[in-house]
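Sequence positions in the sequence shown follow mature numbering (1 follows the signal peptide of the UniProt record, and there is no 0) and run -23 to -1, 1 to 349.
Every residue, glycine too, gets a C-beta built ideally from N, C-alpha and C.
Nothing here was measured: the structure is a model prediction, and the numbers come from that model.
Everything below concerns the one structure shown next.
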Amino acid sequence: MKFSLKKLLLAVALLSVSATSMAKQITDIAGRKVEIPDHVKTMVLGEGRMVYALSMLEANPLKGVVAWRTDLIKNDPDTYKKLLAKFPDIKNIPDLGNPYSSDVNLETIISMKPDVYLLNVGNLLKAQESGLINKLARVGIPTVFVDFRQKPLEDTVPSMRILGEVVNQQARAEKFIQYYQKQMNMVKDRVAKIPEKDRPLVFIENAAGLDGDECCTTYGNKNFGRFVDYAGGRNWGSTKSTNLKFKVNPEVIFSEPFDYIIATGANWKAAYKGSTPITLGYFAKPAEIQQEMQYLANRDGWSSLKAIKDKHFYAIYHQFYNSPYHFMAILAFAKWFHPQQFADVDLQKTYQQFYNEFMPISLTGEFWAKYQ
C-alpha cells in the first residue's frame, strides 16, 4: 500500500519529537543555525560526490547513507567502482533525484527517515524556492549545507568542520584541516615571493573532449581559475568572468600566447557517448592518457600553439574541483609553473602519503599528466 505524502509527514513528525531533546546546534556553510542529532546515524546526500569529503572521516564513508544523488556513478564512475569493490552494499543506495533541477523525490527522503539531509550550497536557492528545507524541517529532518565547489578556497575548512560535527568525527576533521592548511600555506608562502612578471598565462579547458573535438569551456575567477592564480599562474578567465565556468569562442585559444594549457579530465566515456576525454582516475593508464592528450593536442591548429610546442600541455583530474583534495591540483600547478621553487615537491609521494593517512581505499591510477 502506498502512503500519501501527508501521511508520511505526520508519521515522521511523530517519530522525530522524542529525538529533539538529544540535539546540538551547528552553523552550516550558508550561515544557517541548524539543530541536528547528537549522534547522526543516517543521512541523505544531495550529491553523491560528497563521499570525497566523507571518505576522510569514516572507515566506511557510506555506511549511514540511505539515499543519494547518483552523480558519482555518472560523472566519476572510476571512484564509484573503486568504492563498490570495498563496500558492495552501496549498490543498494536509492537515487533521490537531482536537487539542481528540482526533481528531488521528497517522499523518498521522508520515507528513509534520515537524521540529516546534506546539500551542496549551490542548491541553496533552489531548495529555498521549492520549500524543500521547510518541508523537511516540519517532519524533523534538518538540512545542512556544505561547499567544496562554489568557493573551495574559503569554504573547505569550515565545511570539513561541519561534516566532522555531523558524523561526530571532529578530531579526524581537524587532523585533515591541519594537513590541508600546511600544504596550502607552503604554496602561498612560496608564491608570494614570485614577481608578477614571472607568473605564466594559463588557459584551463574544462572537461576537455566531453563534446568531442569542440572547444572550449573555461573557468572564471572561481574554482580551478582560483587554483591557477593561487599556484602562481595567471588564469586567463579570471579577468574575463566572475562565473565558475563559461563558454568561449574556439578562436580564443589562438588569441594569446598561452604559456600553459591545462585540460581537466575524468572517465566520462560511458556516460557521454562520442566524448574523447582524458580519462584520469583510479583506473587510468599512462599510455592511454598520452594517446588521449595527443588526440586533443591534434585538434585543428593546436600544433601551432605555444603551449603545445613548449610541451606545456597538462591534464588534471576534473573531480579535484569538487573535493577537499583540490590541494593536489594546486600543488601540481605550482610545480608545473615554477619547477625551481617547488623542486622538492614530489606529487606522487605527497598524494600517496595523503591516502595512507586519510583514505579508506588504495591509491591507484593517474590523476595528472604532462603531454609528452
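C-beta atoms of residue i and residue j nearer than 9 Å
i	j	result
Val134	Ile154	yes
Val179	Gly210	yes
Pro254	Ala264	no
Gly23	Arg46	yes
Pro177	Asp236	yes
Val42	Val21	yes
Val116	Val93	no
Asp72	Ala44	yes
Ile118	Ile87	yes
Ser136	Pro337	no
Pro129	Tyr249	no
Phe197	Lys222	Note that residue 197 is Gly in the sequence shown here, rather than Phe. Their beta carbons are under 9 Å apart, which means Gly197 touches Lys222 by this criterion.
residue 354	Val81	With the chain represented from -23 up to 349, any question about residue 354 goes unanswered, as that position is not in the structure.
Trp245	Asn52	yes
Lys288	Glu343	no
Straight-line gap, residue i to residue j (C-alpha atoms, nearest Å)
i	j	result
Phe314	Thr219	23 Å
Lys174	Ser280	26 Å
Ala62	Thr341	13 Å
Arg126	Lys199	9 Å
Gln330	Leu34	16 Å
Gly202	Thr195	8 Å
Leu282	Glu182	14 Å
Lys347	Lys59	24 Å
Lys170	Ala208	12 Å
Tyr157	Tyr29	14 Å
Lys152	Tyr328	16 Å
Met27	Ala320	33 Å
Glu106	Thr4	21 Å
Asp323	Cys192	32 Å
Met(-2)	Ile230	57 Å
Gln296	Lys90	30 Å
Asp132	Met161	14 Å
Asp188	Tyr57	23 Å
Met270	Pro234	20 Å
Glu228	Gly278	10 Å
Proximal residues to residue i (C-beta, below 7 Å), its chain only, five neighbours per side dropped
i	result
Ile293	Ile239, Thr241, Ala306, Ala309 and Trp345
Tyr272	Thr253
Phe204	His303, Ala306, Ile307 and Phe310
Thr112	Note on residue identity: the sequence assigns Lys, not Thr, to residue 112. Same-chain partners within the cutoff: Leu83.
Expected contact under 8 Å - CB spacing of residue i and residue j to nearest Å
i	j	result
Phe64	Leu39	6 Å
Asp55	Tyr332	Not a contact, Cβ separation roughly 15 Å.
Ala7	Leu101	5 Å
Gln325	Gln267	About 17 Å; that fails the 8 Å criterion.
Val98	Val17	The pair is not a contact, with the Cβ atoms about 19 Å apart (cut-off 8 Å).
Contact test: residue i Cβ vs the ligand MN heavy atom, cutoff 8 Å
i	result
Arg149	The ligand MN is not part of the structure shown, which contains no ligands of any sort.
Close Cβ partners of residue i (< 6 Å) along its chain, the five nearest in sequence each way excluded
i	result
Asp190	Arg276
Ser232	none
Arg167	Gln318
Lys224	Thr194
Gly214	Thr195, Tyr196, Gly197 and Gly202
Same chain, Cβ closer than 8 Å to residue i, neighbours up to 5 away in sequence not counted
i	result
Arg138	Gln147, Ala150, Glu151 and Ile154
Ala247	Pro54
Quick one: which unbroken alpha helix (DSSP H) runs of 4-plus residues sit fully inside the stretch 223 to 301? Chain order, please. 263 to 274 and 283 to 286
Suppose only complete runs of 3+ residues qualify. What are the beta strand (DSSP E) ranges in the stretch 169 to 225, listed by chain order? 178 to 182, 194 to 196 and 222 to 224
Could I get the ranges of all uninterrupted alpha helix (DSSP H) runs contained in the stretch 25 to 59, with 4 residues as the minimum, in chain order? 28 to 31 and 48 to 52
Can you list the beta strand (DSSP E) stretches of 3 or more residues lying completely in the stretch 79 to 152, in chain order? 93 to 97 and 120 to 123
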